[in-house]
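S.K.:
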Amino acid sequence: MERVLLIAVMLSATGCAGPVQMLRHIDDPYVRRQDGDLYLRGVRFPVVGVDVPSAASFVPSDRASTCGHWYPPEEFDDLFHKVRESGGTVVRIWAFRRFTEEGKDFRRLDYAVAHAKAYGLRVILSLDHREGVCSGDKWRDAAWYRNGYRTGGDGFSQSYLDHALGLARHYRNEPAVLIWQLVDGDETGEWSVDPKVRLAFAVDVSHAIKQVDPNHLVAYGVAADNQPNGAEIAGIPWIDVSMRSDRQRIWFELWSRRARDCVRDADRFKKACVMAPVGGDSSREDGAAKQFFAAVRDARVLGTLYTDADGAIIALPPPGERTGADAENLSLPLKALRLLAHFVWDRTGHHPPY
188 MERVLLIAVM LSATGCAGPV QMLRHIDDPY VRRQDGDLYL RGVRFPVVGV DVPSAASFVP
248 SDRASTCGHW YPPEEFDDLF HKVRESGGTV VRIWAFRRFT EEGKDFRRLD YAVAHAKAYG
308 LRVILSLDHR EGVCSGDKWR DAAWYRNGYR TGGDGFSQSY LDHALGLARH YRNEPAVLIW
368 QLVDGDETGE WSVDPKVRLA FAVDVSHAIK QVDPNHLVAY GVAADNQPNG AEIAGIPWID
428 VSMRSDRQRI WFELWSRRAR DCVRDADRFK KACVMAPVGG DSSREDGAAK QFFAAVRDAR
488 VLGTLYTDAD GAIIALPPPG ERTGADAENL SLPLKALRLL AHFVWDRTGH HPPY
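Numbering follows this note's numbering, with no gaps: position 196 of the sequence shown is 383.
#1: Please confirm whether D454 has its beta-carbon closer than 8 Å to some beta-carbon of chain B.
#2: Are there 16 or more other CB atoms within 10 angstroms of the CB of R385, so buried, or fewer, so exposed?
#3: For G335, which three-state DSSP category applies?
#4: Helix, strand or coil, according to DSSP, for A242 in the structure here?
#5: Kindly identify the DSSP beta-bridge partner or partners of Q368.
#6: Are I311 and I366 closer than 8 Å when you measure CB to CB?
#7: Give me the DSSP bridge partner(s) of R220.
#8: Considering only their Cβ atoms, is the gap separating V235 from T276 smaller than 8 Å?
#9: With 16 other CB atoms within 10 Å as the buried threshold, where does V450 fall?
#10: Pull the bridge partners of I280 from the DSSP assignment, please.
#11: Would you report the Cα separation of S313 and R284, rounded to the nearest angstrom?
#12: For D391, does the three-state DSSP call read helix, strand or coil?
#13: Hey, is the segment 336-343 in contact with the segment 292-302, meaning 3+ C-beta pairs nearer than 8 Å?
#14: Between which two residues does the alpha helix (DSSP H) containing K304 stretch?
#15: Under a three-way DSSP split, which group does R451 fall into?
#16: Could you tell me the distance, in whole angstroms, from the CA atom of V320 to the CA atom of F343?
#17: Tell me which residues share the same chain as N402 and place their Cβ nearer than 6 Å to its Cβ, disregarding the 5 neighbours each side in the sequence.
#18: Going along the chain, which residues of its own chain have a beta-carbon closer than 7 Å to the beta-carbon of S322, five neighbours each way excluded?
#19: Is K269 helix, strand or coil when you go by DSSP?
#20: Below 8 Å between beta carbons: does that hold for L369 and G408?
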C-alpha cells in the first residue's frame, strides 16, 4: 500500500539573502534560489506539502499505463483542497516514463500539474525511482549510473536521459513546476559502487536539464543512509537543492542528526536543504517527535514527514464512501502537515492560509 509522505520545507540560510532588488524581477513567476533561500517574486517561498507518487494515474487513463493508486477526479479535489487549507504549497509526483508512455503522451502529468496549479500548489516532479518502482522494476545499479541511463534497456525503449529532457522541454515554461528531482531516494543497492560514478551521473543530468530548462530548480535525491557524495552532489553548480530522500521509517532522533547534516552541506554551497521523507508517526507529540520538529525549526531544513497512518490519503475511499475511521486516518497526516506548516511559514514572516 502506498503511504503519504508529508513534505515540509524550511530554507537553509546562514543570514539575510540580500536586498530584494538583487533578485530577479518582481514579475518572475518561478521560484528561485538565492543564498540558501527560495524566493517567489522577492518573498521567501515556504515549501510544505504531501507526496502523492501516483498522481498521474487518473481517469480516463489507460489502466495499463497506471501504477499505484488510481485517482478519480473527486479524490484530486478532496486531496489538493485539504493540502492547501492545511497550509501546504507543494505536492510531489512521480513523473516516470510509464506515466508518459515513454514521452509520447503527457496528458496524465498535464492533468495532475494543472490540478495542483488550480489549487495554488507547486509540483516536485521525480524522474525515476532507485528500485525501479513503477519504472521497470529494476534496481538502478552501478551499470545504470555509468551509462544505462543514456541507453535504455531498463524496461523501456526510451532512455532515462531522453525522458528527463523531454519533460524539461515540455514544462520549461510552466511556473507550477517547482523542482526536478533526478532520482527518488537514490541508492544503487551496491554499497561498494564507486561514488565517482554517481557523481558523474548527477553532473551530466543536472547540466543537461539546466541547458534545456533554466527556469526550474534541480535536486538529486541522495538516500539518507550515510551514502557518500552528499556534499559533493550538493556542490554541483546545476543542483539547487541538497535533498535527502529515503522511504525507510526510522526514528526521529536519527533524522534530527541527518537534518543537520543536510543543512551543513547546503550551507556550504548556499543551497536549500530537503529531507524526504522522515520516519515515524508524524502525529506523535512525545520527546522524539518534538526533537525532530525542533531540528526542523532550528536547523532550517526542508523536511519530509512519513506518517504511520495506514489509511493514508491516497488509499482512502472516495469522499462519499468514507467512514469515521477513514476520516481519522486522513486527519493524521494533515495534523502533521499543519504542524510543519506553522514552522515553515513562520520562517517567511507570513501565516499559512488556514
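Ideal Cβ positions, reconstructed from N, Cα and C, are used throughout, including at glycine.
The structure displayed is predicted, hence computed values, not measured ones.
M.R.: Let me lay it out:
#1: In the structure shown, chain B does not exist; there is a single protein chain.
#2: In the sequence shown, residue 385 corresponds to position 198, counting from 1. Buried, since its Cβ has 16 or more Cβ neighbours within 10 Å.
#3: Looking up residue 335 in the sequence shown gives position 148. Per DSSP, reduced to three states, the secondary structure at G335 is helical.
#4: The residue you call residue 242 lines up with position 55 of the sequence shown. The three-state secondary structure of A242, taken from DSSP, is coil.
#5: Taking the first residue of the sequence shown as 1, we reach residue 368 at position 181. Its beta-bridge partners are S313 and A406.
#6: Stepping through the sequence shown from its first residue, residue 311 is reached at position 124. Stepping through the sequence shown from its first residue, residue 366 is reached at position 179. Going by C-beta atoms, I311 is nearer than 8 Å to I366.
#7: In the sequence shown, counting from the first residue as 1, residue 220 sits at position 33. Its beta-bridge partners are L225.
#8: As a first step, residue 276 is located in the sequence shown; it is residue number 89 there, counting from the start. As a first step, residue 235 is located in the sequence shown; it is residue number 48 there, counting from the start. Yes, the pair counts as a contact, with Cβ atoms nearer than the cut-off.
#9: For the purposes of this step, residue 450 is identified with residue 263 of the sequence shown, where counting begins at 1. By the 10 Å Cβ count, V450 comes out buried.
#10: In the sequence shown, residue 280 corresponds to position 93, counting from 1. Its beta-bridge partners are L312.
#11: Here residue 313 is taken as the residue at index 126 of the sequence shown, counted from 1. Here residue 284 is taken as the residue at index 97 of the sequence shown, counted from 1. Rounded to the nearest whole angstrom, the C-alpha separation of S313 and R284 is 11 Å.
#12: Stepping through the sequence shown from its first residue, residue 391 is reached at position 204. Helix at D391.
#13: Note that the segment 336-343 does not touch the segment 292-302; fewer than 3 beta-carbon pairs, one per stretch, sit closer than 8 Å.
#14: As a first step, residue 304 is located in the sequence shown; it is residue number 117 there, counting from the start. Element bounds for K304: R294 to A305.
#15: As a first step, residue 451 is located in the sequence shown; it is residue number 264 there, counting from the start. For R451, the three-state secondary structure derived from DSSP is helix.
#16: Mapped onto the sequence shown, residue 320 falls at position 133. Mapped onto the sequence shown, residue 343 falls at position 156. Using only the alpha carbons, I get a separation of about 13 Å.
#17: Here residue 402 corresponds to residue number 215 of the sequence shown, with the count starting at 1. Here the set comprises Y217 and R359.
#18: Numbered from 1 along the sequence shown, position 135 holds the residue referred to as residue 322. F283, R284, R285, D315 and H316, listed in sequence order.
#19: The residue given as residue 269 occupies position 82 in the sequence shown. In the structure shown, the three-state DSSP call for K269 is helix.
#20: Residue 369 sits at position 182 when you count from the first residue of the sequence shown. Residue 408 sits at position 221 when you count from the first residue of the sequence shown. Between L369 and G408, the gap from beta carbon to beta carbon is short of 8 Å.
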